[in-house]
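Below is one structure, written out as structure tokens; comments come after it.
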Amino acid sequence: MIRAVLFDLDGVLTDTSEYHFFAWKRLADELGIPFDRQDNEALRGVSRRESLLLLLKGRPATEEDMQAWMERKNRYYVEYISQMTPENLLPGALNLLQELRANGYKTAIVSSSKNTPLVLERLNIAHLMDAVVDGNAPARSKPAPDLFLLAAERLGVVPWECLVVEDAAAGIDAGRAAGMRTLGLGPRERVGHADMVLPDLNGVHLADLKPVLE
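Sequence positions in the sequence shown follow the working numbering and run -5 to 208.
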């Protein structure tokens, strides 16, 4: 029986992917590197450092350069997300969170983003989370299972009592590697290896998740 639901943040509860795209695109333009939305898809669900390596496409860079570029990209991203409000929650997200908690489920955010606390504050949903594990945690990022296992530990549950809600292939891989059930949001070609697949959380209620909650 599932006791806890672990949500990714970007693309699941809110859509910050556009802000990530704008920030990476801005950096790529400054570096003279071609970067489009298809390139951005490859960055979904991976860490900032891995994202930069993908963006560079083999272009040599010193560690000092990489650190400066990651900091610059993050500065751009923070500019964008600082303008977010609760209206930036995706349809269905708040209702499902409230329904889960009203029925005794523990909830957590598990995100590779180091800006997770700021986003939760802007969305006004921090109080709906029993735990937050983000890119600041001393653990390997997805697709490694570390972040999800750390969330389960903080919630006081075992991995097989957790349901992971993700929109990225790397996130589904991480949840499966952790021994957890998985709900994939998005196209089947991206998250079809999850235990259950839905287009998004719009109109989704607790009863709809029965196949993966029981």
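C-beta: ideal position from N, C-alpha, C; glycine also. Being a predicted model, the structure only gives us computed values, none of them experimental.
Helix, strand or coil at residue i [DSSP, three-state]
i, result
"K204", "helix"
"L3", "coil"
"R175", "strand"
"L163", "Note on identity: in this sequence residue 163 is Ala, with Leu being the wrong assignment. Three-state DSSP puts A163 in a helix."
"I103", "strand"
"A125", "strand"
"L117", "helix"
"L83", "strand"
"A214", "Absent from the model: residue 214. The displayed extent of the chain is -5 to 208, so no value can be given."
"A131", "coil"
"A138", "coil"
6 Å Cβ shell around residue i - same chain, five flanking residues per side excluded
i, result
"C156", "A(-2), L0, A146, M174"
"D189", "R175, T176, V206"
"P153", "A146, A172, G173, M174"
"P85", "N196"
Expected contact under 8 Å - CB spacing of residue i and residue j to nearest Å
i, j, result
"L46", "M60", "6 Å"
"N109", "I75", "6 Å"
"G39", "G165", "5 Å"
"L50", "W18", "About 11 Å separates the two Cβ atoms, so there is no contact after all."
"L122", "W63", "Wrong, their Cβ atoms sit about 34 Å apart, outside the cutoff."
"V159", "D2", "7 Å"
"A216", "P132", "Residue numbering for the chain in the displayed model covers -5 to 208; residue 216 lies beyond these limits and cannot be assessed."
"A163", "R134", "Not really, about 17 Å apart at Cβ, beyond 8 Å."
Limits of the unbroken alpha helix (DSSP H) element including residue i
i, result
"M64", "57 to 75"
"L192", "Counting along the chain, L192 falls outside any alpha helix (DSSP H), though it belongs to the beta strand (DSSP E) covering 190 to 192."
"V151", "Unbroken run through V151: none, as it is neither H nor E."
"L21", "11 to 25"
"R182", "182 to 185"
"N34", "31 to 35"
"S45", "42 to 50"
The ligand COA heavy atom lying under 8 Å from the CB of residue i
i, result
"A62", "For the structure depicted, the ligand COA is absent and the ligand set is empty, with no information on it obtainable."
Contacts around residue i, its chain only, beta-carbon distance under 8 Å, and the 5 residues preceding and following it disregarded
i, result
"L90", "L195, V198, H199, L200"
"H83", "The residue you asked about is not His; residue 83 is Leu in the sequence shown. The answer, listed in chain order, is L7, T8, L117, I119."
"Y13", "Y71, Y74, I75"
Same chain only: Cβ atoms within 7 Å of residue i, ignoring 5 sequence neighbours per side
i, result
"E93", "H199, L200"
"Q77", "none"
CB contact below 9 Å: residue i versus chain B
i, result
"S45", "Chain labels in this structure do not include chain B; a single protein chain is all it has."
Pairs of beta-carbons, one from the region 3 to 11 and one from the region 109 to 117, closer than 8 Å: are there three or more? With contact defined as three or more Cβ pairs closer than 8 Å, the region 3 to 11 and the region 109 to 117 are in contact.
Any chance the region 192 to 203 sits against the region 163 to 181, with 3 or more Cβ pairs inside 8 Å? A contact exists between the region 192 to 203 and the region 163 to 181.
For the region 95 to 109 against the region 125 to 140, do three or more pairs of beta-carbon atoms, one drawn from each stretch, fall closer than 8 Å, so that the two count as touching? Yes, the region 95 to 109 is in contact with the region 125 to 140.
Give a yes or no on contact between the region 82 to 101 and the region 134 to 148, applying the rule of three or more CB pairs nearer than 8 Å. By the C-beta criterion, the region 82 to 101 is judged not to be in contact with the region 134 to 148, since fewer than 3 inter-stretch pairs fall below 8 Å.
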